[in-house]
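K.L.:
In the working numbering, the protein residues as written are 64 to 211.
For each residue, glycine too, the CB sits at the ideal point set by N, CA and C.
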Amino acid sequence: MRDEQLTIDIIECMATSDNVVRAGLTPKLRDVDTLVEMLTYEAGPASQQLLRPTPFSDSEEKTDLLYDPPIDEFSVVRVSLEKEGKTKHRAVEGPSICVVTKGEGQVSWGDDKEEVKKGDVVFIGAGEGVEWIAQDGLEVFRAFVEVK
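1. Spatial neighbours of Lys181 within its chain, please: CB distance less than 6 angstroms, with the 5 preceding and 5 following residues excluded, ordered by chain position.
2. Under the DSSP definition of a beta bridge, which residues are partnered with Ala109?
3. According to DSSP, simplified to helix, strand and coil, what is Val99?
4. Closer than 6 angstroms by C-beta to Glu194: which residues in its own chain qualify, once you throw out the five before and the five after it? Chain order, please.
5. Where does Thr103 land, buried or exposed, given buried means 16+ other C-beta within 10 angstroms?
6. So who's on the other strand from Ile74, going by DSSP bridges?
7. Assign Ile134 to one of two classes, buried (16 or more other C-beta atoms within 10 Å of its C-beta) or exposed (fewer than that).
8. Would Asp72 and Lys146 qualify as a contact pair, given that the criterion is a beta-carbon distance under 9 angstroms?
9. Starting from Glu178, follow the beta strand (DSSP E) in both directions and report where the run begins and ends.
10. Give the secondary structure of Glu167 by DSSP, where H, G and I count as helix, E and B as strand, and everything else as coil.
11. Quick one: what's got a C-beta closer than 6 angstroms to Leu98's C-beta in the same chain, skipping five residues either side?
12. In its own chain, which residues sit with a C-beta less than 7 angstroms from the C-beta of Leu92, not counting the 5 before and 5 after it?
13. Could you tell me the distance, in whole angstroms, from the CA atom of Leu129 to the CA atom of Gly107?
Written out as structure tokens, the structure is:
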């Protein structure tokens, strides 16, 4: 059997917090009793814990997938475009932070237009529709909040 290397990319998005409770692996204050008291245990198969994405834009190619956790703080859209692909996002009523994880392309909103490449971060203000255009493929993760 041949050894094959598996590459997995992970993006993590977290809400801000100043209430960290530690239980180990740190020289900082550990409060195991408080951590155990606040945990909730729910038995079930791993498949129940998966956050299944849903389409975000009207694109038939399903290039934009929404990951919408059961919290109010944020949602994340993954944009994945092939060479010269493009997609448009509706305006969201809150700010967005976009991280380009692969490729190169262009993002435009309102009167603004920016060239982007892997490693770039883009801020998009509330109420702006957005268009993404790939040059030779493009992957972007857009974290946003819908202000109610």
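P.N.:
In short, the structure shows the following:
1. Indexing the sequence shown from 1 puts residue 181 at position 118. Taken in chain order, the residues that qualify are Val163 and Lys165.
2. In the sequence shown, counting from the first residue as 1, residue 109 sits at position 46. Ala109 is not bridged to any residue.
3. Locating residue 99 in the sequence shown gives position 36, where the first residue counts as 1. Note: Val99 maps to helix in three-state DSSP.
4. On the sequence shown, position 131 is the one that residue 194 refers to. So the qualifying residues of the chain are Lys151 and Ser171.
5. One-based indexing of the sequence shown puts residue 103 at position 40. Exposed, since its Cβ has fewer than 16 Cβ neighbours within 10 Å.
6. As a working mapping, residue 74 is identified with position 11 in the sequence shown. Among the bridge pairs identified by DSSP, Ile74 is matched with none.
7. Your numbering for residue 134 matches position 71 in the sequence shown. With a 10 Å radius around the Cβ and a threshold of 16 neighbouring Cβ atoms, Ile134 comes out exposed.
8. The residue labelled residue 72 in the question sits at position 9 within the sequence shown. The residue labelled residue 146 in the question sits at position 83 within the sequence shown. Judged by beta-carbon spacing, Lys146 lies beyond the 9 angstroms limit of Asp72, meaning their Cβ atoms are not closer than that value.
9. The sequence position of residue 178 within the sequence shown is 115, counting from 1. First-last of the beta strand (DSSP E) with Glu178: Asp175 to Lys180.
10. Within the sequence shown, numbered from 1, the residue matching residue 167 stands at position 104. Glu167 falls in the strand class under three-state DSSP.
11. Locating residue 98 in the sequence shown gives position 35, counting from the first residue. Around Leu98: Val84 and Ala86.
12. Counting from one through the sequence shown, the residue named residue 92 turns up at place 29. Answer for Leu92: Arg85, listed in chain order.
13. Locating residue 129 in the sequence shown gives position 66, counting from the first residue. Locating residue 107 in the sequence shown gives position 44, counting from the first residue. Computed Cα separation, rounded: 24 angstroms.
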